[in-house]
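Protein sequence lines, in the order shown, are assigned to chains G and D. Taking numbering that gives the first Met the number 0, I'd label the letters of the first sequence as residues 0 to 111. Taking numbering that gives the first Met the number 0, I'd label the letters of the second sequence as residues 0 to 111. Below: the structure, in structure tokens.
There are 2 protein chains.
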Amino acid sequence: MDNYLDSFFGAISDPTRRAVIERLVHGPAPVSELHAPHDIALPSFLKHLKVLEAAGLVRSIKVGRVRTVHLEAAPLAKAEHWLERQRRIWEGRTDRLAALAEALERQDKPKG
Amino acid sequence: MDNYLDSFFGAISDPTRRAVIERLVHGPAPVSELHAPHDIALPSFLKHLKVLEAAGLVRSIKVGRVRTVHLEAAPLAKAEHWLERQRRIWEGRTDRLAALAEALERQDKPKG
DNA sequence: TGTTTAGTTAGCCACATGGATAACTATCTT
DNA sequence: AAGATAGTTATCCATGTGGCTAACTAAACA
């Protein structure tokens, strides 16, 4: 589960790869079409696709000589949930400012 | 905006750093307390804190000799929104299976 | 004042990452 | 069969990342 989020967040921390995701939410596309808007060599681009596929964010099928790539939505949702969970806990702390003040206070008199 | 998500997602793609976040949603804490559960040297751990701070996920104040670190919630929310937006678009495509079939179909007869 | 404590800075290292080119396979198209 | 198209594989390179130790500064304590 830990490893899962590692590779997921790692995958979407790159602008090229996020752009691919942003394209794929609208529907599947062949490699060459995905590659077109990016000003990098095809092999470099293929590496990005492999990162996405390794992270489980994307899958692909090759028919004839073209490989069609499509999004796998579940991972997106899971990551969103991790963020949501953290936010919820954070929002639950209505005493945030108090907590900070308290923490700083604790520093002044570590002996209690 | 692009760069922003880069550093944010990069920051939370590491398990040590996610653990720090998971701790900080419960309230601020000094460096040494954050470091304690992690089996790595302090300087290595400090690098992680710097990554989090550079990504704007965290801020810190030093009082006396102890530095207290606290979470900055806004970035969490923004990242969550990016994911949410993608999911929404994806979910909007009720014709997903049709789209895939169509994409594969297009491969069979590229000439139209 | 001397000693701990909390954090910081500097420098080193191995490995991962994102880019490139060259050369190749496989599948259409003509 | 020849040529174009779509992708793949291999190899290389610079830079970034995550870890380490050693040595340091600046508070608090005793």
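Cβ coordinates follow ideal geometry from the N, Cα and C atoms, glycine included.
Residues sharing a beta bridge with residue i, DSSP
i	result
residue 36 (chain G)	According to DSSP, residue 36 (chain G) bridges with nothing at all.
residue 61 (chain D)	D:66
Whole-angstrom distance between residue j and residue i, CA atom to CA atom
i	j	result
residue 85 (chain G)	residue 9 (chain D)	17 Å
residue 92 (chain D)	residue 26 (chain G)	8 Å
residue 74 (chain G)	residue 64 (chain D)	42 Å
residue 83 (chain D)	residue 18 (chain G)	15 Å
residue 21 (chain G)	residue 12 (chain G)	13 Å
residue 56 (chain G)	residue 87 (chain D)	16 Å
residue 41 (chain G)	residue 76 (chain G)	29 Å
Chain-order list of residues whose beta-carbon lies under 7 Å from that of residue i (same chain, five-residue window excluded)
i	result
residue 81 (chain D)	4
residue 78 (chain G)	4, 7, 8
Coil, strand or helix - residue i by DSSP
i	result
residue 29 (chain G)	strand
residue 79 (chain D)	helix
residue 16 (chain G)	helix
residue 71 (chain G)	coil
residue 22 (chain D)	helix
residue 53 (chain D)	helix
residue 86 (chain D)	helix
Close-in-space but distant-in-sequence residues of the same chain around residue i (CB under 8 Å, 5 per side omitted)
i	result
residue 46 (chain D)	none
residue 155 (chain D)	Here chain D has residues from 0 to 111 only, and residue 155 (chain D) is not among them.
residue 29 (chain G)	65, 66, 67, 68
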